[in-house]
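Just so we're aligned, residue 412 is where the sequence shown starts under this note's numbering, counting upward by one. Even glycine gets a Cβ: it sits at the ideal position worked out from N, Cα and C. Taking it in order: structure first as structure tokens, then the write-up.
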Amino acid sequence: MPTAILTGQPVPGSSIETELRSLGFDVHLASGAADTETLLARAPGDERVAVVDARFVGHPHALRLGLTDPRFPLAAIPGAVTAQPAARQTLTRAMARENSAAGGGTALAVDSLADRITAALDADGAEVHRPELGRLVAAVPADPQARNEARQAVAAVDDEAVRLKSAVKARDGFVTTFLISPYSRYIARWCARRGLTPNQVTTASLITALIAAGCAATGTRAGFVAAGVLLIASFVLDCTDGQLARYSLQYSTLGAWLDATFDRAKEYAYYAGLALGAARGGDDVWALALGAMVLQTCRHVVDFSFNEANHDATANTSPTAALSGKLDSVGWTVWVRRMIVLPIGERWAMIAVLTALTTPRITFYALLIGCAFSATYTTAGRVLRSLTRRATRTDRAAKALADLADSGPLAEAAARGLRGTARRLPAMTAPAVALLGGAAVVATAALTDFGGPWPLVAALVYVLTSALAVARPLKGALDWLVPPFFRAAEYLTVLLLAAKADVNGALPAAFGLVSAVAYHHYDTVYRIRGDAGAPPQWLVRTVGGHEGRTLVICALAVLLTASQFKLALTVLAVAVALVVLVESIRFWVAAHKVGAPAVHDEGEPA
């Protein structure tokens, strides 16, 4: 149980001790700085500890934000400071300074011991998280009049209303903001009051989406209607899990991974359900389903690569960025621009409605057109920003892009021999070479007959161009395009070769293979975003890297019959899925057990 140490003289009528106990703290009273240091030393080393001024006046949710958020080793609000086990030594040193003869030098004008400790932490250079409290009150009044004013300020603000509002993300799509969040936040509160966790709600969302996919797979109109309704229900739960995490501050590494991973699993499983349902009605739309998955995955890779390339870029002087900022100041343009990019809320609403009212083929056509338009819009804007901004890309950004590229042993070996050549080429070489090599292998797969030698020749060229693209650090203005070009080349090659095989079951097998590989690429993204680094090198080498898999698939298409090729795709899909899933689950469960920090979107400032 976490420990809270109340310091200073308790004030009659104060509820601070009760509020701390309601937050799960074991409360101890300290008579002064020396007693506080003694109690701090006795507190369990594997639990959170907090030092709180007994005169604290404020909202319970202000205390909750300041003292219970699991994402930050050190956190503070006025009158309270807390440390998780990883930061206990840092807090102990600051406490010792305050209890020593020279300790008062850190903040002589500060009367609260908790605030003096926070000042000492700042003086030591420690990173102390201070949550945005917004309208919430957190104060240590110095006299009765100030205490009375603080209590009046507390009474003037509805703590629960602020807490509900802060459960909703500050920036979201139109559908989520206006059609889902107004009531999903109350579902989140209902779940919190019954002890449900965000991970349980996330799992419920996945199960609901899988049932929706099963309904779509029936191929009946009733099944399609049920599928559309259940897909919306799944999205409501998908919003609820994040709101529950923010409402109750139940953040976790495992939860962040499950939320992100299950979103992809739900959507792509639903595509498969639609394709199965269409097949029951005599319409083969597996190519459209796989095309939709390829386009959606490549869109995400563009997002991830651009963000990582500019994660810590400096000197953003882009006129495009300035224009975007001006447009954001005009209310209606904000929502139009958010809808144009077809975020998950808009996308799932469109899929659900079209599933219920039309056919799977029409649904996929609309999805492909909508995603293609939004991808063109966002990518064009990012290219313009990259070309017109003056920024210095860091080694961290280059490393992230190299990890996202997913180069295997063939590209790595060839890149070592091509570094001298790459240094002599112009700055824009990497994305151009990646695009040309990818276009060559995709065009060859599309324009030649199945079984001919040319796809294999093109794949060998692709290995060399891929190596040249990554032969030097990816610090160019447009080098963030390299990973999405690689993704598009690999995925489209699999799609086209399976379609050319023209044998029943080849496209579903290709769908499975691309799903497994895409999971590996998403897993790489989530590790990088969580500052956990890329997947281990042995895993990348075991699954071949993008150029190795492309070469193997092209070789199989040349050496095998169409039926044998279908079987080979199935075996590859199962093998890749087993390797990447086992390693991914092992990594994220282990990270969760050691308390690694999670990546979560923030809600509205409290």
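Extent of the continuous beta strand (DSSP E) run through I416: For the purposes of this step, residue 416 is taken as residue 5 along the sequence shown, with counting starting at 1. Unbroken beta strand (DSSP E) run through I416: 414-418.
Start and end of the alpha helix (DSSP H) containing D570? The residue labelled residue 570 in the question sits at position 159 within the sequence shown. Unbroken alpha helix (DSSP H) run through D570: 570-577.
For V905, which residues from the same chain have a beta carbon less than 7 Å from its beta carbon, with the 5 sequence-adjacent residues on both sides left out? In the sequence shown, residue 905 corresponds to position 494, counting from 1. Answer for V905: A921, L924, V925, I964, listed in chain order.
Nearest-angstrom Cα distance between R636 and F646? Within the sequence shown, residue 636 is the residue found at index 225, counting from 1. Within the sequence shown, residue 646 is the residue found at index 235, counting from 1. Position check: residue 636 holds Val in this sequence, whereas Arg was assumed. Cα to Cα, V636 sits roughly 16 Å from F646.
Over the uninterrupted beta strand (DSSP E) stretch that includes T449, give me the two end residues. For the purposes of this step, residue 449 is taken as the residue at position 38 of the sequence shown. That residue, T449, is in no beta strand (DSSP E); its alpha helix (DSSP H) goes 444-453.
Our contact map puts V460 next to T493 with C-beta atoms below 8 Å; I'd like the distance itself, whole angstroms only. Locating residue 460 in the sequence shown gives position 49, where the first residue counts as 1. Locating residue 493 in the sequence shown gives position 82, where the first residue counts as 1. Rounded, the Cβ-Cβ distance is 7 Å, consistent with contact.
8 Å contact criterion, which E560 and N510 should meet: CB distance rounded: As a first step, residue 560 must be located in the sequence shown, where it is residue number 149. As a first step, residue 510 must be located in the sequence shown, where it is residue number 99. About 32 Å; that fails the 8 Å criterion.
With distance defined between alpha-carbon atoms, name the residue in A624, L655, R475 nearest to L434. Residue 434 sits at position 23 when you count from the first residue of the sequence shown. With distances taken between Cα atoms, L434 lies closest to R475.
Under the three-state reduction of DSSP, which class applies to G802: helix, strand or coil? Your numbering for residue 802 matches position 391 in the sequence shown. Per the sequence shown, the amino acid found at residue 802 is Ala instead of Gly. Coil.
Could you pull out every residue in the same chain whose Cβ sits closer than 7 Å to the Cβ of L903, ignoring the five residues on either side in sequence? The residue given as residue 903 occupies position 492 in the sequence shown. Around L903: V705, V853.
Please report the distance separating the alpha-carbon of L456 from that of L989. The residue labelled residue 456 in the question sits at position 45 within the sequence shown. The residue labelled residue 989 in the question sits at position 578 within the sequence shown. The question names Leu, yet the displayed sequence has Gly at residue 456. The alpha-carbon atoms of G456 and L989 are separated by roughly 39 Å.
On a Cα-Cα basis, can you pick out the residue from A968, A870, E719, A833 that is closest to A811? The residue labelled residue 811 in the question sits at position 400 within the sequence shown. The residue with the shortest Cα to Cα distance from A811 is E719.
Please state whether the Cβ-Cβ distance between A603 and Y658 is less than 8 Å. On the sequence shown, residue 603 is found 192 positions in, with the first residue counted as 1. On the sequence shown, residue 658 is found 247 positions in, with the first residue counted as 1. The answer is yes: Cβ separation under 8 Å.
Taking the straight line between their C-alpha atoms, what separation do you get for A726 and L575? Residue 726 sits at position 315 when you count from the first residue of the sequence shown. Residue 575 sits at position 164 when you count from the first residue of the sequence shown. Here A726 scores only 49 on pLDDT, less than 50, and its place in the model should not be relied on; the value that follows carries that caveat. Taking the straight line joining both Cα atoms gives about 37 Å.
So the alpha helix (DSSP H) D674 belongs to, where does it begin and stop? Along the sequence shown, one-based indexing puts residue 674 at 263. 664-691 is the extent of the alpha helix (DSSP H) around D674.
Whole-Å CB distance - V872 paired with G887, under 8 Å assumed: Sequence index remark: in the sequence shown, residue 872 carries index 461 (1-based). Sequence index remark: in the sequence shown, residue 887 carries index 476 (1-based). Not a contact, Cβ separation roughly 22 Å.
Contact check, V539 vs L547, beta carbons under 8 Å: If you number the sequence shown from 1, residue 539 lands on position 128. If you number the sequence shown from 1, residue 547 lands on position 136. No. Outside cutoff.
Less than 7 Å between C-beta atoms, sequence neighbours within five positions excluded: which residues of the same chain meet that for A599? Locating residue 599 in the sequence shown gives position 188, counting from the first residue. Excluding sequence neighbours, A599 sits near A578, T651, Q654, L655, Y658.
From V422, A968, R748, pick the residue whose C-alpha is nearest to that of T855; which is it? Against the sequence shown, residue 855 aligns to sequence position 444. Comparing Cα positions, the closest option is A968.
Rounded to the nearest angstrom, what separates G688 and E994 at their Cα positions? Position 277 of the sequence shown, counted from the first residue, corresponds to residue 688. Position 583 of the sequence shown, counted from the first residue, corresponds to residue 994. Distance between the alpha carbons of G688 and E994: 33 Å.
Can you give me the Cβ contacts of A909 inside the same chain, cut-off strictly under 6 Å, excluding the 5 residues immediately before and after it? For the purposes of this step, residue 909 is taken as residue 498 along the sequence shown, with counting starting at 1. For A909, where only same-chain residues beyond five positions count, the Cβ hits under 6 Å are A917, L918, A921.
Could you tell me which residues DSSP puts in a beta bridge with T493? Indexing the sequence shown from 1 puts residue 493 at position 82. Looking at the DSSP assignment, T493 forms a beta bridge with A461, A486.
With H, G and I counted as helix, E and B as strand and the rest as coil, what does DSSP make of K580? To locate residue 580, count along the sequence shown from 1; it is residue 169. Looking at K580 - three-state DSSP - the assignment turns out to be strand.
Rounded C-alpha distance that separates G944 from L815: The sequence position of residue 944 within the sequence shown is 533, counting from 1. The sequence position of residue 815 within the sequence shown is 404, counting from 1. Each residue's alpha carbon lies about 11 Å from the other.
List, from N- to C-terminal side, the alpha helix (DSSP H) runs of 4 residues or more that fit wholly inside the region 840-908. 840-858, 865-880
Give me, in chain order, the residues of the same chain whose beta-carbon lies closer than 8 Å to that of P866; leave out the 5 immediate sequence neighbours on both sides. Locating residue 866 in the sequence shown gives position 455, counting from the first residue. Result list for P866: V852, T855, A856, T859, T904, L908, C965, A968, V969, in chain order.
Within 10 angstroms of its Cβ, does V893 collect 16 or more other Cβ (buried), or is it exposed? Within the sequence shown, residue 893 is the residue found at index 482, counting from 1. It is buried - the Cβ of V893 has at least 16 other Cβ atoms within 10 Å.
Buried or exposed by the 16-neighbour rule on C-beta atoms within 10 Å, applied to N353: In this structure the chain extends from 412 to 1017, so residue 353 is not present and cannot be described.
For the region 593-633, list the beta strand (DSSP E) runs that are entirely contained and at least 3 residues long, ordered along the chain. none
Under 8 Å, do A880 and V844 count as touching if we go by C-beta distance? By 1-based counting over the sequence shown, the position of residue 880 is 469. By 1-based counting over the sequence shown, the position of residue 844 is 433. For A880 and V844, yes; Cβs fall inside 8 Å.
Closest to A572 by CA distance: which of P496, P895, A445, A473 is it? As a first step, residue 572 is located in the sequence shown; it is residue number 161 there, counting from the start. Cα-wise, what sits closest to A572 is A473.
For D437, name the three-state secondary structure that DSSP assigns. Residue 437 sits at position 26 when you count from the first residue of the sequence shown. Here D437 sits in strand by DSSP.
For G469, which of helix, strand or coil comes out of DSSP? The sequence position of residue 469 within the sequence shown is 58, counting from 1. It is a strand residue.
How far does the alpha helix (DSSP H) with D526 in it extend, from its first residue to its last? Against the sequence shown, residue 526 aligns to sequence position 115. Element bounds for D526: 524-534.
In whole angstroms, what is the alpha-carbon distance linking L450 and Q500? In the sequence shown, the residue the question calls residue 450 occupies position 39. In the sequence shown, the residue the question calls residue 500 occupies position 89. Answer to the nearest angstrom: the Cα atoms are 14 Å apart.
Own chain, CB closer than 8 Å to V1000, minus 5 neighbours either side, in chain order: On the sequence shown, residue 1000 is found 589 positions in, with the first residue counted as 1. Counting only Cβ-Cβ distances below 8 Å, and skipping sequence neighbours, we find L665.
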